[in-house]
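Colleague: In the UniProt record's numbering, the protein residues as written are 1 to 216. Note that CB positions come from ideal geometry on N, CA and C, so glycine has one too. For clarity, every value in this text was computed on a predicted model and none was experimentally measured.
1. Leaving out five residues on either side along the sequence, give the residues of the same chain with a beta carbon under 6 Å from the beta carbon of residue 162.
2. Would the beta-carbon of residue 130 fall within 7 Å of that of residue 198?
3. Examine the Cβ distances between the region 119–128 and the region 69–78 and report whether three or more of them are shorter than 8 Å.
4. Please say whether residue 137 and residue 205 have beta carbons closer to each other than 7 Å?
5. Considering residue 90, what are the terminal residues of the alpha helix (DSSP H) in which it resides?
6. Secondary structure at residue 47, three-state DSSP: helix, strand or coil?
7. I'd like the span of the alpha helix (DSSP H) that includes residue 182, first residue to last.
8. Let me know if residue 51 comes out buried or exposed under the rule of 16 or more other beta-carbons within 10 Å of its beta-carbon.
9. Of the choices 188, 151, 40, 27, whose alpha-carbon is the least far from that of residue 13?
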């Protein structure tokens, strides 16, 4: 029931501007909260993942990534897509739906948009973006588009940036003035996870013989 309520609310919020109803507007903070809940309840829960895919929620999430620039909303939408496209009975259908909606170029555009953003402001978002990409790189049918989008180069560039960030700050041991310890540790946790997922993407690509030219 919670999934039905949240998906219906998000859909209605996105449709509000199209109705021309001046009394309704997109409440981004409410969408962000709703998507955050959906991201949480689809983490390691195959039933909830399958439920969202079967309700046709993948196109809505792709629409959000394409039309909304609010970072927290995009982050939650991508995290939910990441969950829906792996480890559930309908993950193949979810991947195919995202692919047919030109979802990979949309995800790549978001990565490019934040490529020059300070790592402290974008590490968690990049982590979920590359985590979503990791669900596609092991499937040969997506390799041509991955090549065209230069995802390998983006992954390698991001990996180099996060390694430099970790080295520059002594592995998180150098706490900048005015920054709370918990915030700093959470940031470096995200940096470490981002590094791991970038390595995973490159590793999965290397398993495909047809992907060797992608690694150059």
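Modeller: In terms of the structure at hand:
1. Locating residue 162 in the chain shown gives position 162, where the first residue counts as 1. Exclusion of the five residues before and after residue 162 leaves 191, 194, 195 as the residues of its chain whose Cβ lies within less than 6 Å of its Cβ.
2. In the chain shown, the residue the question calls residue 130 occupies position 130. In the chain shown, the residue the question calls residue 198 occupies position 198. Annotated as proximal: residue 130 and residue 198, with beta-carbon spacing under 7 Å.
3. With the rule of 3 Cβ pairs closer than 8 Å, the region 119–128 counts as touching the region 69–78.
4. Looking up residue 205 in the chain shown gives position 205. Looking up residue 137 in the chain shown gives position 137. Yes, these two residues count as a Cβ contact at 7 Å.
5. In the chain shown, residue 90 corresponds to position 90, counting from 1. Per DSSP, residue 90 belongs to no alpha helix (DSSP H) and is neither H nor E.
6. Along the chain shown, one-based indexing puts residue 47 at 47. Of the three classes helix, strand and coil, the one that applies to residue 47 here is helix, per DSSP.
7. Mapped onto the chain shown, residue 182 falls at position 182. Unbroken alpha helix (DSSP H) run through residue 182: 181–206.
8. Position 51 of the chain shown, counted from the first residue, corresponds to residue 51. Label assigned to residue 51: buried.
9. Counting from one through the chain shown, the residue named residue 13 turns up at place 13. Checked all of 188, 151, 40, 27; the closest Cα to residue 13 is 27.
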